[in-house]
Every structure is written in structure tokens, then in C-alpha cells.
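First to last, the sequence lines map onto chains R, U and H. Heads up: the first sequence at position 90 corresponds to 90 in the UniProt record's numbering, and the numbers run straight through without jumps. Heads up: the second sequence at position 204 corresponds to 204 in the UniProt record's numbering, and the numbers run straight through without jumps. Heads up: the third sequence at position 59 corresponds to 59 in the UniProt record's numbering, and the numbers run straight through without jumps.
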Amino acid sequence: MTGGVLTVLFGDPFAAMNTVGLVAFALVGASKAVREEFDLFGVAVVGLAMAFAGGVTRDLLVARVPLALRSPVEILLGLVGVALAVGLSARLASPDEHPLTVAADAVGLAAFATTGAIVATDAGVSAFGVVAVATINAVGGGALADVLLDRPPFILFEDFYASCAVLGGVAYWLVGTLGAPSGVAAAACAAVTVGVRLLAVAYGWRLPTATQLTERLGGKS
Amino acid sequence: MTGGVLTVLFGDPFAAMNTVGLVAFALVGASKAVREEFDLFGVAVVGLAMAFAGGVTRDLLVARVPLALRSPVEILLGLVGVALAVGLSARLASPDEHPLTVAADAVGLAAFATTGAIVATDAGVSAFGVVAVATINAVGGGALADVLLDRPPFILFEDFYASCAVLGGVAYWLVGTLGAPSGVAAAACAAVTVGVRLLAVAYGWRLPTATQLTERLGGKS
Amino acid sequence: MTGGVLTVLFGDPFAAMNTVGLVAFALVGASKAVREEFDLFGVAVVGLAMAFAGGVTRDLLVARVPLALRSPVEILLGLVGVALAVGLSARLASPDEHPLTVAADAVGLAAFATTGAIVATDAGVSAFGVVAVATINAVGGGALADVLLDRPPFILFEDFYASCAVLGGVAYWLVGTLGAPSGVAAAACAAVTVGVRLLAVAYGWRLPTATQLTERLGGKS
């Protein structure tokens, strides 16, 4: 972790992914708050909440002081995303539904699933723990943003959204267990998460409900 | 903690109670999500959230990495409860109001109040801390499940529900302070919690509001 | 921390501020719950949640067992605030909008911003971390109380409310960085927070929305 800012940001897969995720999620969260006509403080809070809530929860789960409170670089990256959202809001009619925002959201999801898996593996938790921390890191910020925006957070469960992070976490664990180095596992996790997410958006994928499943299996009540 | 799985599960009061609580709460949470027509991923998430949220909060409060992330057995128990709920949903019209679900909920409440009291006592917190951690462990999962289901979580406070866990935590602390071994205190906590809860359901017990109390005491405004 | 109860409570800025904040926030939270006709258990839970949620979150963020669980004095102070609210509810028509409650809320906000800044500084976090922990400590309890009362928590962002704690946290960090002793920084933080809050209430201050800002800057879309 020595060397210049560029080394800190891009010298290892964790830092690179973390940088991308922070800017992307701050942009998405702030865009949603702009749409809801929050004041500037509210826009910044929702953007920073979306960027940091997942990572803070991740760090609490593995019992360490959150990186967001220790690193002065982190908050600057979040504010860059907020500033981008405010700037874009002057140009775009509905910034939170723009393809750019949807793409940034998918990239943030993949980046945070990966950083969650890396931190959980370092902390020595079980295979389930790796997948759980990857998923919580990826979707925790969006869930809190929805709560702050007074939307139901389970919108996460209606779409094929959190499932992408689950699959990414499984990919990280599988590739790592097969003996690949950390960077390869991180790349696999990010590729699976962002790929499945973009396919799910493009083709409108849905998971079946319990009623639909039991009907298909012939177990009608 | 050596020996086979049976010893791990039933060799000490903590493990036995924890097993019962995990299956019961995963069953209750998943049943509620089935009722709301969540997709299968959502059903699993609400079930696992109800089973694990209390215990994760408990472990965070006493500053240790959550057991749910360290033990691979824990997640399997939660998935057993989710599978039971999906299976029952094919047979029962409203699984979340069935007497079986109400009983499972009372048993889970008692089991988690007890495990919360045990962990808090081990962590050396104050008497209030023991009761608080027991209550949070017992009702935290249900509160999160209600939030995910977009119901107000304070439904916990309208019924005689969290109060049962408070009384169970007080019983654990009283019996332990009188010098009884941990197993006796655990049995007292579980018996008080589940007993008071079932009596409250059977007789429709309610606590008075502040207005009612001041009227009874003659302090009308 | 040796000596009698008075020394514990008033011997250092942290303990004095913490005492004031606990009683004030328990009073405010319980008053809101009385207004909503919660039962007595619910009134106590909302009051204690408002008093303790911020401090518990603060302690979790700096990775220590929450003070509320370790100190038996803390819970008594919270119960004093709850009892005050119940007593006042017999005399006042709408206790949660009474000037006394608004003043208590401003004092609690200032007290908890200060204790948050002190704990964060002791934990050695970054300047952003000091401001973030001060703000979360100050507004976390009120946000949880609103959730329990089924009100949207972002009411915090519509008023000039959390902003006061942000300014207080900045004042603490600035005064401390200039070399002043901890007591002076604490006094500056408390004075800025309570002063800005009371001025904001008196003059109805609001922050601009992003739309208003871009209109003023001539960046109409």
C-alpha cells in the first residue's frame, strides 16, 4: 500500500474495483435523489449512503473499523460521483433511468461484489460467508438508498439484481478454490456479476415465485 | 465443541437453542414471503434474514465476527427452514397464519432470547446489556423481515411480543445471578419466553397506552 | 473515571454531554411515541431507541462494545427521559411539538454530535470520519425513532437538521486541529450545533434543491 495515489488506486484488484464502485454508486444514488427533488444536502447524503453503506456493513461484519472512515481518498471519490450526478441532472431529463446510470449501476454492483468477496476471503470466513458478504457489499448501499428515498427496499428482490452478486460471489469462491490467484478470481467475479446483470436488464429476466414453482411441479394446493 | 455433528448441535444449550431458532425463524420468515408472492430468491432472502439478522446483530454488539459467516452448518439450517416453508405452501392456504407457524415463531423467539442472553453473559456486559441483547437477538430478525415485506416493524410493539423476550432475558439474569448453572438459566429463559408468548396469543394480552395509564392514575389532561 | 457518580457524569466533557443527550433524546423519542398512542412498552422502546441508537452505531463504527451495554448508568438516564415524557404527556396536549421538546431535541443533537466527535477522534479516524461519526451519532437515534413510528426517516434531510451536526463536527475538527484542548473543541462543537439548529428553526432555513441550484447558475435543461 506504499507508493503514489495511482498505486493506491490501481495497484491491486481491491483498490481498482473499489474506486470504480464508489464513483458509480455515488452517481446512481445521487441521480435518484435529484429525481426526487431532494435538497443538495439530501442528494449528497443519498449518494454517499449508496456508495458507502455496503462497504461499511462489510467491514463491520468482519470486525474492522470501516475503510470509509480511515481513508480520506474514499470520501473524495464519493463526492466526485455526487458532483457528476448534479452536473448530469442539468443536461438529462430523468438521470436515474438513463442508460449511463443503468450501466454505472451494473458496474458498481460488480465492483462491490468483488471487493466484498476479497475482504471476506481475507477475513477467513466460510464459503457461505464469502457469498453473503459479497452480496451485502453489492446491494446494501442500494437498499439503504431506497429506504432514504422512501421506496420499498425489496425492489432488490423483484428484479434479477442481488442474484447477480450471489452468482459473482460463487464465481469468486469457485475460481479461488480451484487454485487461481486472487486477481483472476476477482476478474471472474466482476465479469459474471456485470454480465448477468446486463443480460437480465436486456432480456427482462425474472425468477419464478413459490406459487409458480409448485404449479409447475404439479403440487397445486 | 469436539465430536460429531450431534454433539455440536445438542451438546450444549447454546447450540441446541440456536438450531431450533434458526429453522423456526427461517420457516416463519419464508412463509410470510410466500404469502406476499415474492419470487424464490426473495423467499429465501426473507427467510434467511429473519433467521440470521438477530444473531448477526448480537455478534456485532459484542464485537465478534458473526457466527453465521463462520459456521457452514448455520446456513444449511436456515435453508432447511426455507424449504419447509415452500413445501408447506403447496399444502396450506395461508402458511403464515397457521398454528404451526405461530408455534414455530414462539419457539424461535424463546430460542433466540436464550442464545442472546448466553452470548451477552459470556461477553461480560451489564445486566441491562444481557436483557437488551437477548431481546434484540429474539426480535431483530422479525423486525428486518417486516421491513423487507414493506410492513411497519413496530408491529412488534403492538402485540405482547418483544416483552416476552424481555421477561425471558430478566429470568436468565435472575437465575444466573442466584448461582444456578448456565443450563438452568437457559431453560428458565426459554420456558418464560415461550410460555408468556403462547399465553399472550391465547388470551390476547395487551399493554396499556400512556393515555390509558394516566387516565387510570387520575392524571387526566 | 474514578470517583463518585458526579465525577463520572460531569468530570469530563464526554460524560457531561452524553448525560444531557441521553435524557433529552429519550424524552423526545418517548414524546413522539406517546403522541402516536403506542403502549407503554412501545413508548419506552422508541425513547430508548432514540437515546441509544446513535451511540451504539458510533461504538460499532469504531469497533468497540457499545457503552450502552457496558454501563448500568446509561440505561437509567434513558429511563429518566422516558418517565419525563410520560409525566409531561398528562399535562401537555401535544408533547412532541412543545417548545420544551424542540429545545431538548436541539440540545440532544448538539450533545451527541460532540460525543461522536470525541469518540471518533480517540479512535484515530480521518477528518471525514470525525464529521461522519459526529453526524451519525447525532441523527441516528432520531432516524431509527422515525422508522419505528412509521414515518419516513429522510425528514432529517428536508429540514436544516443533520446539517447542524455536520457543521458541529467540522467545528470540532477545526478547533482541535488548531491545537486547542479537547474541552474547547467540545464546547465549540456543541455551541455551533445547537446555535445553528435553533436559528434554523426560528428562521425556517432550507437548503436549495439541485434543480433550484442549476436554475440559479443558469444551467437550465
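For every residue, glycine included, the Cβ atom is placed at its ideal position computed from N, Cα and C.
Taking C-alpha atoms, which residue in the options lies nearest to residue i?
| i | options | result |
| --- | --- | --- |
| A132 (chain U) | H:E36, H:D12, H:P66 | H:P66 |
| R216 (chain U) | H:A90, H:N137, H:L199 | H:A90 |
| S126 (chain R) | R:A68, R:W173, R:K32 | R:W173 |
| A200 (chain U) | U:G168, U:F160, U:V80 | U:F160 |
| G168 (chain R) | R:C189, R:P181, R:R151, R:A185 | R:C189 |
| A120 (chain R) | R:S71, R:T57, R:L144 | R:T57 |
| residue 238 (chain U) | U:I136, U:A185, U:A33 | The structure shown has nothing for residue 238 (chain U), since chain U only spans 1 to 221. |
| G141 (chain U) | U:K32, U:L207, U:A16 | U:K32 |
| V20 (chain H) | H:L61, H:A145, H:V80 | H:V80 |
| L207 (chain R) | U:P208, U:F38, U:L100, U:L198 | U:F38 |
| V62 (chain R) | R:L149, R:V147, R:I118, R:L100 | R:I118 |
| D12 (chain U) | U:S182, U:L100, U:S71 | U:S182 |
| V166 (chain U) | U:V147, U:F128, U:L178 | U:F128 |
| A171 (chain H) | H:L149, H:V130, H:A143, H:Y203 | H:V130 |
| G42 (chain R) | R:A180, R:P72, R:Q212, R:V147 | R:V147 |
| L48 (chain R) | R:T209, R:L77, R:P72, R:S71 | R:L77 |
| residue 276 (chain U) | U:R35, U:E36, U:V45, U:L40 | Outside the displayed span of chain U (1 to 221) sits residue 276 (chain U), for which this structure offers no information. |
| A134 (chain U) | H:L69, H:G179, H:V34 | H:L69 |
Can you find the residues in the same chain that come closer than 8 Å, C-beta to C-beta, to residue i, ignoring five residues on each side of it along the sequence?
| i | result |
| --- | --- |
| L6 (chain H) | In this prediction, L6 (chain H) scores a pLDDT of 42, lower than 50, which makes its location untrustworthy; the coordinate-derived value is nonetheless stated afterwards. Result list for L6 (chain H): empty, nothing under 8 Å. |
| T115 (chain H) | F14, M17, N18, G21, G55, R58, N137 |
| T101 (chain R) | L27, V28, S31, P95 |
| V139 (chain H) | G54, L109, L156, Y161, A162, A165 |
| L40 (chain U) | V86 |
| L60 (chain H) | P66 |
Which class does residue i belong to by DSSP, given the choice of helix, strand or coil?
| i | result |
| --- | --- |
| D39 (chain U) | strand |
| L6 (chain R) | Residue confidence for L6 (chain R) is low, a pLDDT of 42 falling below 50, so the modelled location carries little weight and cannot support an answer. |
| S221 (chain R) | Confidence is the limiting factor: at S221 (chain R) the pLDDT is only 43, short of 50, which leaves the residue's position unreliable and the question unanswerable from this model. |
Under 9 Å Cβ-Cβ, which residues of chain H neighbour residue i?
| i | result |
| --- | --- |
| F52 (chain U) | What F52 (chain U) touches in chain H: nothing, since even the nearest Cβ is about 17 Å away. |
| T209 (chain U) | V34, E37, F38, D39, L40, G42, V43 |
| A134 (chain U) | Within 9 Å Cβ-Cβ: nothing; A134 (chain U) doesn't reach chain H, min ~11 Å. |
Listing by chain order, which chain U residues have their CB less than 7 Å from the CB of residue i?
| i | result |
| --- | --- |
| I75 (chain H) | F128 |
| L60 (chain R) | L60 |
Since residue i meets chain U, which of its residues come closer than 9 Å, beta carbon to beta carbon?
| i | result |
| --- | --- |
| R70 (chain R) | Those within 9 Å of R70 (chain R) in chain U number zero; the least Cβ separation is about 17 Å. |
| residue 227 (chain R) | No answer is possible for residue 227 (chain R): it lies beyond the span of chain R, which begins at 1 and ends at 221. |
Between which residues of its own chain and residue i is the CB-CB distance below 6 Å, once the five residues before and five after are set aside?
| i | result |
| --- | --- |
| G176 (chain R) | A185 |
| H98 (chain H) | L92 |
| A123 (chain H) | V62 |
| L9 (chain U) | The pLDDT assigned to L9 (chain U) is 40, lower than 50, so where the model puts this residue is not dependable, and the model offers no usable value. |
| V73 (chain R) | none |
| W205 (chain H) | F160 |
| G179 (chain R) | none |
Interface residues of chain R around residue i at Cβ under 8 Å?
| i | result |
| --- | --- |
| R64 (chain U) | A63 |
Excluding five sequence neighbours on each side, which residues of the same chain lie with their C-beta closer than 7 Å to the C-beta of residue i?
| i | result |
| --- | --- |
| C164 (chain H) | L109, T193, V196, R197, A200 |
| L149 (chain H) | K32, A33, E36, V46 |
In chain R, which residues lie with their C-beta within 9 Å of the C-beta of residue i?
| i | result |
| --- | --- |
| A123 (chain H) | V65, L69 |
In chain R, which residues lie less than 7 Å from residue i when you measure between Cβ atoms?
| i | result |
| --- | --- |
| S31 (chain H) | Correct list: empty, because the minimum Cβ distance to chain R is about 23 Å. |
So which residues on chain U does residue i lean against when the C-beta distance must stay under 8 Å?
| i | result |
| --- | --- |
| S163 (chain R) | F41 |
Inter-stretch contact (C-beta, 8 Å, three-pair minimum) for the segment 99 to 112 of chain R and the segment 190 to 204 of chain R: yes
Inter-stretch contact at 8 Å, needing at least 3 Cβ pairs: the segment 98 to 108 of chain H / the segment 41 to 56 of chain R: no
Meets three-Cβ-pair contact criterion under 8 Å: the segment 70 to 86 of chain U and the segment 21 to 34 of chain U: yes
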